[in-house]
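In the numbering used here, the protein residues as written are 954 to 1117.
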């Protein structure tokens, strides 16, 4: 998918869930508001085997959350649309907090962390498709909603060799 390819180039996150435009009163002189693109999960793989799972609008590198792995490494990188030094992920009754850090780069709005492929929240999310993220006063849910999104998660599990 296009968004996963673009994500793999950036391996980055921007805040979508918290960026709601202020309401504008429509008058005859006002243009119609732009349509927001729907958010969905997408999968992508690079020729070097690196696999990406990203949530955001199609054909965009603006994602709410993304996961990246190198098959066989037992580690998954996570990029999340939060500032601060901690993100808490929830999947059903399972929750875990992760240290995140904004890297010193041109993508200073990004927060990244790591987890093991055996992580209980990651495994619960990949099984159920339910994921919520909280941190730095922000909260958003990014559930799997369609069969195509479920297929993206399954592709990530297979590519990353994650035992569920």
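Glycine residues also receive a C-beta, built at the ideal position from the N, C-alpha and C atoms.
Being a predicted model, the structure only gives us computed values, none of them experimental.
query, result
"If the criterion is Cβ atoms closer than 8 angstroms, does the pair residue 1035 and residue 1009 meet it?", "no"
"Verify whether the separation of the beta carbon atoms of residue 941 and residue 1105 is less than 8 angstroms.", "As shown, the chain starts at 954 and ends at 1117. That puts residue 941 outside it, with no answer to give."
"Kindly indicate which three-state DSSP category residue 1037 falls into: helix, strand or coil?", "coil"
"Taking 8 angstroms as the cut-off, decide whether the C-beta atoms of residue 1032 and residue 1054 are in contact.", "no"
"Look at the Cβ atom of residue 1095, then the Cβ atom of residue 1018, and state whether they are nearer than 8 angstroms.", "yes"
"Can you find the residues in the same chain that come closer than 6 angstroms, C-beta to C-beta, to residue 990, ignoring five residues on each side of it along the sequence?", "1010"
"Would residue 1024 pass as a contact of residue 1049 if the rule is Cβ separation under 8 angstroms?", "no"
"Using 10 angstroms around the beta-carbon of residue 1012, count the other beta-carbons present and answer buried if the total reaches 16, otherwise exposed.", "exposed"
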